[in-house]
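Here is the structure we will look at.
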Ligand code: DC
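Numbering (our numbering), first residue to last: 6 to 224.
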C-alpha cells in the first residue's frame, strides 16, 4: 500500500504551515513544507544574481541545490537559512520563479522523496493537484486576504523583521494573483479537495477539522 499523504494547499499566509505541522505531529508523520524548497531556490538565485525570468538557469540551480531539513531548521551546506528564507523579498522571488515549468519539474522528485512511512503531511500550492495527486486526503485552506495579511504581519514582527500592513496586503494580493494565474500548476483546489475557510477558526479548530476528516477517510 502507498504511504498515505495528507495534502494541505492554500494561498500565502493561510496558516497551512502551522496546521500541517501540528497535524503531522498529532499523527506522528513526516512533514514537507514545499514552499521552503521554492524559497531556498529563490534565496540562492538572488545571491547568485540569477534573474527571475531565467528559466533554464533557475532549473539548473534547483537541480544542484541540496537543502537539508533538520527538525525546524533548513540548512544549505553548513549555513542555517531558516530565517533568511522567511524574508518577504524571498517569498516574493519564490512566487516569481515558481511560474517556470522547468523549475517545478526540477523540484518534483525532491518533494516526492519526503513520502516516507508511516505517512506525510505536505503543504504548498500543488500538493493535492500535482505532486501527490493520489493523496487520500486533500485540504484546500483559505482565509480572507485581510486576515491573512494580519497573520503575516504578526509572524514577521515576532521573527524580528520590520513590516507594514498595507504593503503586506498589497503584496499578498499580487502573490495570490500570480500563484493562481500561472499556467504551470496554478493555485487551485484539487477536484476532490475539502475546502476549509479558516478566517473565523483558530489553528486548533482547523487541526481538529483535518484530523476528523482523516478519521472519516479511515473508516
Ligand atoms: O508557501 P510559501 O509562501 O512559503 O511559498 C512561497 C512561494 O513558493 C509561493 O508564493 C509560490 C511558490 N510555491 C509553489 O509554487 N508551489 C508550492 N507547492 C509551494 C510554494
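Glycine residues also receive a C-beta, built at the ideal position from the N, C-alpha and C atoms.
Here the structure is a predicted model, which means the values were calculated and not measured.
Taking C-beta atoms under 8 Å as the contact rule, residue 19 and residue 134 fail to qualify, at a distance of about 16 Å. Within the chosen limit of 7 Å, the ligand DC does not reach the beta carbon of residue 30 with any heavy atom. Residue 12 and residue 111 have their C-alpha atoms some 20 Å from each other.
Secondary structure note for residue 35: its beta strand (DSSP E) is the uninterrupted segment 35–38.
Contact between residue 113 and residue 21 is ruled out by a C-beta separation of about 19 Å, above the 8 Å threshold. If the five residues before and after residue 212 are omitted, its C-beta is found closer than 8 Å to the C-beta atoms of 24, 27, 28, 31, all from its own chain and listed in chain order. Inclusion of residue 10 and residue 124 in the CB contact set at 8 Å is warranted, their separation being smaller than that value.
Close CB contacts of residue 170 within its chain, under the 8 Å cut and outside five residues either way in sequence, are with 154, 155, 158 (chain order). Note: residue 78 is bridge-paired with 75 in the DSSP secondary-structure output. C-alpha of residue 87 to C-alpha of residue 166: approximately 14 Å in a straight line.
The C-beta distance from residue 180 to residue 46 rounds to 16 Å, too long to meet the 8 Å contact threshold. For residue 209, the enclosing alpha helix (DSSP H) begins and ends at 208–223. Counting only the Cα atoms, residue 132 lies some 7 Å from residue 138.
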